[in-house]
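*Asks:* Quick note, the sequences are listed as chains A and B, same order. Taking the numbering used here, the leading residue of the first sequence gets 1, the next gets one more, and so forth. Taking the numbering used here, the leading residue of the second sequence gets 1001, the next gets one more, and so forth. Just so you know, even glycine gets a beta-carbon here, dropped at the ideal spot from N, CA and C.
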Amino acid sequence: MAENKKSDSLKKELEDIPTKGPFRRDYWHSPLRGPWLASFMSLMLLIVIPIVFITGLIDHIAWNPDLGGTNNRTPDMGLLGFLLGIEWPTRPIWLYRLTEGIHIVLGLALLPLVLGKLWAIMPSLYKWPLADSPAHALERISLLFVKGGVFFQIFTGLIYIQNFIIFSNATFNELHFYGSWMFMGGLALHVLVKFSEMVKGLKARPIDDELSKSRQETEPEPEEKGRLVSTDPDPPTISRGGAIAIIGGSSFVLMALAIGQTLGERWSWLAILSPRAQAPPGNGPNDFRINKTAKKANITPEQVGPGWRLELIGKTSQRLSREDLLAMPQYTSSLPIACLEGWSTGNQSWQGVRLRELAERAGMPQAAKVLFESLETGEEIANKSFMRQNQIQDPLSLLALRVNGADLSLDHGYPARVIVPATPGNRNTKWVYRITFMEEV
Amino acid sequence: MKKIPYYGRSLVHLLGVLFCYALVTYAAIKLFGNVSLWVALAFPAGIAVHDFILFPLYRKADQVVVDYQMKQQKQEKKYVLWLNHLRIPVVISFILLLCYFPLILRLSSNRELYTGLAPDSYLYRWLLVTAALCAGSAVAYFIRKR
């Protein structure tokens, strides 16, 4: 008996759900919500998200993950490694600076757009019954990957660029890479199911008309099959164009305050909230942005003193002092440092020995691959780096000894560092002590 | 398009569902092979924080301000809507906080060691941006009111 009673009350409670809280249609009062606004926000996201996703994949390629070792930050990616083996170009020299800058700046701009979109569709999350068929249930469960996924991607990225270390570098790469695929899986289904609805929603009201309406002219959208339009709308306190302007304006402010760290030191003043916009104080030749200091990398003065030798390994094996390197032909390359965290420096004038002449000297002018090893200890990801033939052969690729007319500072990799055009900063090893040329990839 | 019996949507829908779940499952297997399964909770947690904390809070806060504005509107004959002059700086400032909280709240403790940069007060910078936004919005309001 008691059992029956319990199940009866449960049944009644379930029946009552549509009359409760956010499940009630008159719980929602905004006159702005409706298919048009939801579709407009979807369109914004549908433009921005693919760019962020693709520039993210470009970062993945830019590391030449097929060379292995620390170049491959997600070693067991299986089928998701289908992009492996693409040769990352060295020109234009600002290529990585551009793609990674876009990834970070637009990635930041996503947050307000996502929040705005979620605001616009909030009532439709409280449908009852939750699903009308198994198909619908699977579709709605997949929203976990879309909504949870976009937050996951934005926040792992945000935490990483601010050096807020609640996970290690290695973990970040796993989270952000596989997280993006989980998100894209969910998003693919969502777009498949909703794309026609978005087009219909946008066509119902011309965008220009809607954006030029004043607050007083703003009316609720006509009743629709879904449940976005309020059945009990308040008078408008803002026009649709105004609401979109607040969301878009927030994105714009985020981008404006972030782009200064990609544009170089001249724009630092604008990037006041960006983690890496500022350069070390001073106007000296070495006073440009640093990713990691010598102190953090555990470099000791003895390691880089007169006793430092470069081991050059190929067909032969040699040990070269800094003087030996300075006695070789010196070339100048004007190249930026561009970090995967989205910041970069303007072009710096690097001076040193061409990598391809080092390859010749090692008896391997046609080397297919090279390994640079650094004195730094700690993070494994930075103390080894592989590059491929096109990077060795580029005439701008140097083992730099000097920058802007002075010796490299200790923080910038003294006695010698690698600098290769269009290559992620992290791959341009600092404090090099060994270079190994290899015949095969 | 023809619905598949017992499924409730078209064949294209079914293919979409299969693609989605296959890709998500594959990526999840790869991910959780290397990191703790607890991380999976971040997906529902993100949604819960947004839907059950953030959204109700800002909805309520906005409602309070709107009600206050409406009350004033009824009492005064001549009025200028100030509501959006409050909404704009608050929204932008809040989103900046949401983005940069690790820096603003000084959670990135080893930043100086990494970058060689002085430990700037991002809290101070954020407050400065907020103040500038509020001031700009207030000036715009008084210009409109005149």
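Does DSSP put Glu439 of chain A in a helix, a strand or coil?
*Replies:* Coil at Glu439 of chain A, not helix or strand.
*Asks:* Which stretch, first to last residue, makes up the alpha helix (DSSP H) that contains Gly445 of chain A?
*Replies:* For residue 445 of chain A there is no data in the structure shown, the boundaries of chain A being 1 and 441.
*Asks:* Output, in chain order, the set of chain A residues within a Cβ distance shorter than 7 angstroms of Tyr1141 of chain B.
*Replies:* Ordered by position in chain A, no residue passes the 7 angstroms Cβ test against Tyr1141 of chain B, which lies about 14 angstroms from the chain.
*Asks:* Is Ser333 of chain A helix, strand or coil by DSSP?
*Replies:* Residue state, collapsed to three classes: strand.
*Asks:* If you drop the 5 nearest sequence neighbours on each side, which residues of the same chain put their C-beta closer than 6 angstroms to that of Met1 of chain A?
*Replies:* With a pLDDT of only 49 at Met1 of chain A, under the threshold of 50, the placement of this residue in the model should not be trusted; the figure read from the coordinates follows. Closer than 6 angstroms at the Cβ level, and outside the excluded window around Met1 of chain A, lies no residue.
*Asks:* Please identify the residue among A:Ser180, A:Phe40 and A:Ala135 whose C-alpha is closest to the C-alpha of Thr156 of chain A.
*Replies:* Measuring from the Cα of Thr156 of chain A, the nearest candidate turns out to be A:Ser180.
*Asks:* Between the beta-carbon of Glu357 of chain A and the beta-carbon of Ala297 of chain A, is there less than 8 angstroms?
*Replies:* Not a contact, by the Cβ cut-off of 8 angstroms.
*Asks:* What is the rounded straight-line gap between the Cα of Ile207 of chain A and the Cα of Leu273 of chain A?
*Replies:* Spanning the two alpha carbons is a distance of roughly 34 angstroms.
*Asks:* With 8 angstroms set as the bound, which would you pick, yes or no: does the beta-carbon of Val1024 of chain B sit closer than that to a beta-carbon of chain A?
*Replies:* It does: the Cβ of Val1024 of chain B has a partner Cβ on chain A nearer than 8 angstroms.
*Asks:* What does Ser250 of chain A touch in chain B if you count any residue whose Cβ is under 7 angstroms from its own?
*Replies:* The contacting residues are Val1091, Ile1092 and Ile1095.
*Asks:* Just list the residues that DSSP pairs Glu311 of chain A with in beta bridges.
*Replies:* Bridge partners of Glu311 of chain A: A:Arg319 and A:Arg434.
*Asks:* Give the residues from the segment 183-211 of chain A that approach chain B closer than 8 angstroms (Cβ to any Cβ), ordered along the chain.
*Replies:* Of all residues in the segment 183-211 of chain A, Met184, Gly185, Gly186, Ala188, Leu189, Leu192 and Val193 have a Cβ within less than 8 angstroms of some Cβ in chain B.
*Asks:* Quick one: does the C-beta of Ala109 of chain A sit closer than 7 angstroms to a heavy atom of the ligand NAP?
*Replies:* As far as ligands go, the structure on display features none, and thus does not contain the ligand NAP.
*Asks:* In terms of residues, what are the limits of the beta strand (DSSP E) holding Phe372 of chain A?
*Replies:* Unbroken beta strand (DSSP E) run through Phe372 of chain A: Lys369 to Ser374.
*Asks:* Ends of the alpha helix (DSSP H) at Val114 of chain A?
*Replies:* Val114 of chain A -> alpha helix (DSSP H) spans Leu95 to Leu125.
*Asks:* From Glu379 of chain A to Phe53 of chain A, what does the alpha carbon distance come to, in whole angstroms?
*Replies:* Spanning the two alpha carbons is a distance of roughly 27 angstroms.
*Asks:* Give the DSSP-derived three-state secondary structure of Met1 of chain A in the structure shown.
*Replies:* Residue confidence is low: Met1 of chain A scores 49 on pLDDT, short of 50, so the model does not pin down where it sits. Its coordinate-derived value is still stated next. Coil at Met1 of chain A, not helix or strand.
*Asks:* Could you list the residues in the segment 293-309 of chain A with a C-beta less than 7 angstroms from some C-beta on chain B, going in chain order?
*Replies:* So the close ones are Thr293, Lys295 and Lys296.
*Asks:* The beta strand (DSSP E) spanning Gly352 of chain A covers which residue range?
*Replies:* Note, Gly352 of chain A: beta strand (DSSP E), Gln348 to Arg354.
*Asks:* Between the segment 142-153 of chain A and chain B, which residues of the former have CB atoms less than 8 angstroms from a CB of the latter, in chain order?
*Replies:* From the segment 142-153 of chain A, only Ser142, Leu144, Phe145, Lys147, Gly148, Gly149, Phe151 and Phe152 have a Cβ closer than 8 angstroms to chain B.
*Asks:* Identify which residue in B:Gln1063, B:Leu1014, B:Leu1011 and B:Ala1048 has its Cα closest to the Cα of Ser149 of chain A.
*Replies:* For the sequence presented, residue 149 of chain A should be read as Gly rather than Ser. Ranking B:Gln1063, B:Leu1014, B:Leu1011 and B:Ala1048 by Cα distance to Gly149 of chain A puts B:Ala1048 first.
*Asks:* DSSP three-state call for Phe386 of chain A: helix, strand or coil?
*Replies:* In the structure shown, Phe386 of chain A sits in a strand (DSSP, three-state: E or B).
*Asks:* Round the Cβ separation of Gly186 of chain A and Lys384 of chain A to the nearest angstrom and send it over; I've been treating them as touching at under 8 angstroms.
*Replies:* Going by Cβ atoms, the distance from Gly186 of chain A to Lys384 of chain A rounds to 35 angstroms, so no, they are not a contact pair.
*Asks:* Give every residue of the same chain whose Cβ lies closer than 7 angstroms to the Cβ of Glu223 of chain A, excluding the five residues on either side of it in the sequence, and list them in chain order.
*Replies:* Within the same chain, Glu223 of chain A has close Cβ partners Val229.
*Asks:* Which residues in chain A sit within 7 angstroms of Trp1126 of chain B, going by Cβ to Cβ distance?
*Replies:* By Cβ distance, chain A contributes Leu273.
*Asks:* Identify whether Ile58 of chain A lies in helix, strand or coil by the three-state DSSP scheme.
*Replies:* If DSSP states are grouped into helix, strand and coil, Ile58 of chain A belongs with the helices.
*Asks:* Since Ile246 of chain A meets chain B, which of its residues come closer than 9 angstroms, beta carbon to beta carbon?
*Replies:* Asn1084, Arg1087, Ile1088, Val1091 and Ile1092, listed in chain order.
*Asks:* Along the chain, where does the alpha helix (DSSP H) that runs through Leu158 of chain A open and close?
*Replies:* Leu158 of chain A -> alpha helix (DSSP H) spans Leu143 to Ile161.
*Asks:* Take Thr407 of chain A as the anchor and find which of A:Gln351, A:Glu221, A:Pro275 and A:Glu174 has the nearest alpha-carbon.
*Replies:* A small correction: the amino acid at residue 407 of chain A is Asp; Thr does not occupy that position in the sequence shown. Comparing Cα-Cα distances from Asp407 of chain A to each of A:Gln351, A:Glu221, A:Pro275 and A:Glu174, the minimum goes to A:Gln351.
*Asks:* With Asn390 of chain A and Thr90 of chain A assumed to form a contact (beta carbons below 8 angstroms), what rounded beta-carbon distance in angstroms separates them?
*Replies:* Indeed they touch by this definition, with Cβ atoms about 6 angstroms apart.
*Asks:* So, are the CB atoms of Gly314 of chain A and Met387 of chain A less than 8 angstroms apart?
*Replies:* No, Cβ-Cβ distance for Gly314 of chain A and Met387 of chain A is not below 8 angstroms.
*Asks:* Would you say Thr1130 of chain B faces chain A, with C-beta separation under 8 angstroms as the test?
*Replies:* For Thr1130 of chain B, the answer is no, since every Cβ of chain A falls outside 8 angstroms of its Cβ.
*Asks:* Mark Asn1084 of chain B as exposed unless 16 or more other C-beta atoms lie within 10 angstroms of its C-beta, in which case mark it buried.
*Replies:* Looking at its Cβ environment, which holds 16 or more other Cβ atoms inside 10 Å, Asn1084 of chain B is buried.
*Asks:* Am I right that Pro424 of chain A and Tyr178 of chain A are in contact with their C-beta atoms under 8 angstroms? What's the rounded C-beta distance?
*Replies:* Their Cβ separation, rounded to whole angstroms, is 20 angstroms, which puts Pro424 of chain A and Tyr178 of chain A out of contact at 8 angstroms.
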